[in-house]
Amino acid sequence: MAEAVVFTSGNGSNFQAICEAVAETEHKITAMICNKKDAYSFVRAAKLGIPAYHVSYLGRSRGETEAEIDALLTRLKPDLIVLAGFMKLLSPEMTEKYAGKIINIHPALLPKYPGTHGIEESFASPDKELGVTVHYVDAGMDTGKVIRQKSFFRTGEETIEEIEEKIHACEYEIYPQTVIELLNRAEEGK
Numbered sequence: 160m161a162e163a164v165v166f167t168s169g170n171g172s173n174f175q176a177i178c179e180a181v182a183e184t185e186h187k188i189t190a191m192i193c194n195k196k197d198a199y200s201f202v203r204a205a206k207l208g209i210p211a212y213h214v215s216y217l218g219r220s221r222g223e224t225e226a227e228i229d230a231l232l233t234r235l236k237p238d239l240i241v242l243a244g245f246m247k248l249l250s251p252e253m254t255e256k257y258a259g260k261i262i263n264i265h266p267a268l269l270p271k272y273p274g275t276h277g278i279e280e281s282f283a284s285p286d287k288e289l290g291v292t293v294h295y296v297d298a299g300m301d302t303g304k305v306i307r308q309k310s311f312f313r314t315g316e317e318t319i320e321e322i323e324e325k326i327h328a329c330e331y332e333i334y335p336q337t338v339i340e341l342l343n344r345a346e347e348g349k
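Just so we're aligned, residue 160 is where the sequence shown starts under our numbering, counting upward by one.
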């Protein structure tokens, strides 16, 4: 059995999709770490029976917050760290310490449209093919090695809400699959 910890900042829909998929395997999501105390992801974690931790960035340096996160990770010893709507950039020290163990999903076909407005920038672009990217996390903003992408072609008639819905459908499909594949690899490597 391999184990993962999920970081989130908000609603937690990807977190839930991942937990439900992993529950069908021998692997385990051992915890959720969230930086926003009122995030709906805490409700999801409670319903799923996943231990949840609030680690705030407010009024603290990134170093102080990451020291608390690192202490949790040291105790939990995850094989994989999954960022699912986690809206903070991890420090180079953190990404280096856990290199090859942290993954993220981005709502655009990287390297296009990195950052926090991937859906809006994709929608505003002339691109016919849109999609999502699962990638390893490094010290840059959405610059880590691509693991997998899923795309679709748009007609040009869709609203941004319809595009967002298609993006989320892609996320809910490939992110849990990728997490399970990486947990399988981690288990094989033990």
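For every residue, glycine included, the Cβ atom is placed at its ideal position computed from N, Cα and C.
Identify whether residue i lies in helix, strand or coil by the three-state DSSP scheme.
{"i": "Thr189", "result": "strand"}
{"i": "Ser310", "result": "strand"}
{"i": "Ala230", "result": "helix"}
{"i": "Gly222", "result": "helix"}
{"i": "Thr337", "result": "helix"}
{"i": "Tyr212", "result": "strand"}
{"i": "Leu217", "result": "coil"}
{"i": "Ala328", "result": "helix"}
{"i": "Glu162", "result": "strand"}
{"i": "Leu239", "result": "strand"}
{"i": "Thr136", "result": "Shown here, the chain extends from 160 to 349; a query on residue 136 therefore has no answer."}
{"i": "Met246", "result": "coil"}
{"i": "Asn343", "result": "helix"}
{"i": "Glu316", "result": "coil"}
{"i": "Thr254", "result": "helix"}
Applying the 10 Å Cβ sphere with the 16-neighbour rule, what's the burial state of residue i?
{"i": "Leu217", "result": "exposed"}
{"i": "Glu347", "result": "exposed"}
{"i": "Phe201", "result": "buried"}
{"i": "Glu179", "result": "exposed"}
Let's see if you can read the secondary structure: which residues bound the alpha helix (DSSP H) around residue i?
{"i": "Ala180", "result": "Ser172 to Val181"}
{"i": "Leu207", "result": "Ser200 to Leu207"}
Can you confirm whether residue i, when its beta carbon is compared against all beta carbons of chain D, has any partner nearer than 8 angstroms?
{"i": "His276", "result": "Within the model displayed, chain D is absent; a lone protein chain is all it includes."}
Three or more C-beta pairs below 8 angstroms linking the region 262–269 and the region 203–221: As far as the Cβ criterion goes, the region 262–269 does not touch the region 203–221, which means the pair count is below three.
Every unbroken alpha helix (DSSP H) within the region 257–313, with a cutoff of 4 residues, ordered by chain: Segments of the alpha helix (DSSP H) lying fully in the region 257–313: 277–283.
Validate contact between the region 241–258 and the region 170–177 using beta carbons, cut 8 angstroms, 3 pairs: Segments in contact, yes.
Touch test, the region 323–343 against the region 160–169, Cβ-Cβ under 8 angstroms, three pairs minimum: Output reads yes: the region 160–169 touches the region 323–343.
Cβ contact check for the region 279–288 and the region 248–257: 3 or more pairs under 8 angstroms: No contact exists between the region 279–288 and the region 248–257.
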